[in-house]
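What follows is one structure encoded as structure tokens, with my remarks underneath.
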Amino acid sequence: MGDSEGGKKGDQPQHRKLFSRRKFMTTGALGTAGLLTGCDCAERLQSVETPDAGLARSNIKPRELKMVTTWPKNFPGLGQAAENLARFITEMSGGAMRVKLYAAGELVGAFDVFDAVSSGAADIYHAAEYYWTGRNQAYSFFTAVPFGMTASEIMGWTEFGGGQQLWDELAAGYNLKPFAAGNTGHQMGGWFRKELHSVEDLRGLKMRIPGMAGEVLRRAGGSPVTMPGSELYQSLQSGAIDATEWVGPWNDVAFGFYREAQFYYWPGFHEPGAQLGAGFNLDLWNDMSLQEKSIIENACRAANHLAIAQYAHYNGVSLKTLTEKYGVKLRQMPEDIMALFAEKTVEVLREIGEGDDLSKRIFESYRTALNEGIEWNSISDQAFLDARSRLFRAL
Ligand code: CA
């Protein structure tokens with residue numbers, strides 16, 4: 240709360256300046272509606288390839304939008320979801336909105352994107368919302384929590400279970416409007432230099448595992464470490480850490496963890512479907528036409544869809560590479576370790592549910608949807624996938 244009020248107050252003059260510039264641009268952008276709806280298919284296709292072709296004929300100034308991200312340049316999966324979103328907004332608007340993408344560090348540092356968009360210094364961020372738990376712990380629920388929702392479950396909660404409205408309320412406190420814009424799907428349990436046999440092996444285990452899951456590991460006897468992806472390989476190599484989680488086979492194979500840690504554990508208890516988020520400056524959002532809002536909302540949905548499809552496909556391909564080409568040893572996380580993680584997760588999540596009024600309402604809404612998901616999935620996806628992998632492996 241202190242963050243939000245302080246940030247808003249300090250940035251008032253800049254907000255006003257940006258607002259008036261945007262007001263001018265919106266008037267211009269609205270004029271493109273006829274061009275967009277009146278053209279035939281051939282023209283539409285052309286405008287996708289060269290988004291500003293229509294605008295060039297109309298003397299209309301496009302809305303220029305700066306998107307800052309927490310991802311390095313050309314980063315598979317996570318970074319591609321941001322690139323897709325930038326491209327979709329530009330293409331779907333026929334260039335009336337032009338998004339320029341900045342990788343982490345190009346305009347602001349990875350974890351400064353939240354403040355940059357909140358203040359209006361940038362227009363959009365693409366990140367994972369659990370990076371903002373320093374502002375409010377409840378942000379975790381909109382990315383992933385241990386033993387929480389899968390990709391399809393969090394989509395269901397966000398779109399139809401009241402999740403989006405609560406997320407809007409949380410983000411509005413920071414002058415932001417959020418959307419889901421990517422999802423990694425289920426993540427792996429991580430890379431371990433030594434095999435795990437029981438909960439005793441967690442004692443003093445130095446593992447890179449961020450956020451709420453790190454707290455769960457700490458309460459289970461381990462020693463969680465937080466560090467950016469760029470430092471993981473070297474830390475594993477030097478022995479500074481004993482284990483690390485990252486994402487899943489597709490993203491992990493590129494980092495080469497298999498060279499330093501032989502054992503690759505499943506399933507990941509901590510990120511069952513990590514949702515990526517796009518945050519828009521709220522003044523900008525409120526200033527947009529219905530058409531622009533619809534383009535953005537559906538560009539985010541398209542980026543979300545493509546990310547899920549991309550991870551679903553490439554994780555399978557990369558798993559095969561890891562096991563067949565690099566001889567990685569897959570191991571199932573021992574049952575007693577999973578049970579201890581589950582027990583500690585309940586403690587940690589309930590503590591968040593005892594926070595401020597909004598955190599309580601987010602926790603209650605999430606809990607209701609998760610419990611319903613557990614019931615339904617136990618007789619649908621979970622039951623089917625279990626039967627398929629046991630009985631139908633030979634196709
Ligand atoms: Ca992860």
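So the sequence shown is numbered by the numbering used here: it starts at 240 and just counts up by one.
All C-beta atoms, glycine included, are put in the ideal place defined by N, C-alpha and C.
- Looking only at ARG606, VAL384, SER358, the smallest Cα-Cα distance to ALA367 is reached by VAL384.
- Ordered by chain, the residues meeting the criterion of a beta-carbon within less than 6 Å of a non-hydrogen atom of ligand 1 are GLN426, GLU484, TRP485, VAL486, GLU510.
- Contact check for ASN537 and GLY487: beta-carbon distance about 27 Å, past the 8 Å limit, so the pair fails to qualify.
- Separation of SER462 and PHE399 (C-alpha to C-alpha, rounded to the nearest whole angstrom) is 38 Å.
- At the C-beta level, PHE353 and TYR370 come within 9 Å of one another.
- Boundaries of the alpha helix (DSSP H) around ILE328: 317-331.
- Beta-bridge analysis with DSSP links PHE431 to ALA482, PHE502.
- A residue is called buried when at least 16 other Cβ atoms come within 10 angstroms of its Cβ; ILE534 meets this threshold and is buried.
- Under the three-state reduction of DSSP, SER437 is assigned to coil, being neither helix nor strand.
- Inter-segment contact for the region 616-626 and the region 413-433 is absent: fewer than three beta-carbon pairs are separated by less than 8 Å.
- GLU434 sits away from ARG302, with the two beta carbons spaced by 9 Å or more.
- Listed in chain order, the alpha helix (DSSP H) runs fully inside the region 387-431 are 390-399, 402-411, counting runs of at least 4 residues.
- The beta carbon of PHE327 sits closer than 7 Å to the beta carbons of ALA538, ALA541, ALA542 from its chain, once the five residues preceding and following it are set aside; these are given in chain order.
- By the Cβ-count criterion, VAL556 is exposed, with fewer than 16 other Cβ atoms from all chains shown falling within 10 Å of its own Cβ.
- In terms of Cα proximity to MET466, the closest of ASP526, ARG447, GLU484 is ARG447.
- Membership of HIS365 in the beta strand (DSSP E) is indicated by the continuous run 363-366.
- Across the set LEU475, ALA513, GLN501, the C-alpha of ALA513 shows the shortest separation from the C-alpha of ALA452.
- Counting only runs of 3 or more residues that sit fully inside the region 529-614, the beta strand (DSSP E) segments are 568-571, in chain order.
- Distance between ASP407 and VAL567, taken at the CA atoms: about 42 Å.
- When only Cα atoms are considered, ALA355 and ILE363 end up about 9 Å apart.
- One Cα belongs to PRO506, the other to ALA482, and the distance between them is close to 15 Å.
- Between the region 424-434 and the region 492-507, the count of Cβ pairs shorter than 8 Å is three or higher; the stretches touch.
- Comparing C-alpha distances from ILE547 to each of MET336, ILE393, ALA343, GLN376 shows the shortest one belongs to ILE393.
- Considering only LEU441, MET306, LEU597, VAL492, the residue with the shortest C-alpha distance to LYS564 is VAL492.
- Straight across, the Cα-Cα distance linking ASP596 with ASN375 is about 12 Å.
- Distance between LYS583 and PHE602, taken at the CA atoms: about 16 Å.
- A Cβ-Cβ distance of about 7 Å is found for the pair GLY402 and SER604, placing them in contact under the 8 Å criterion.
- If you check the CB distance, LEU471 and TRP485 come in under 9 Å.
- Runs of the beta strand (DSSP E) spanning 3 or more residues and lying entirely within the region 442-494 occur at 445-447, 462-464, in chain order.
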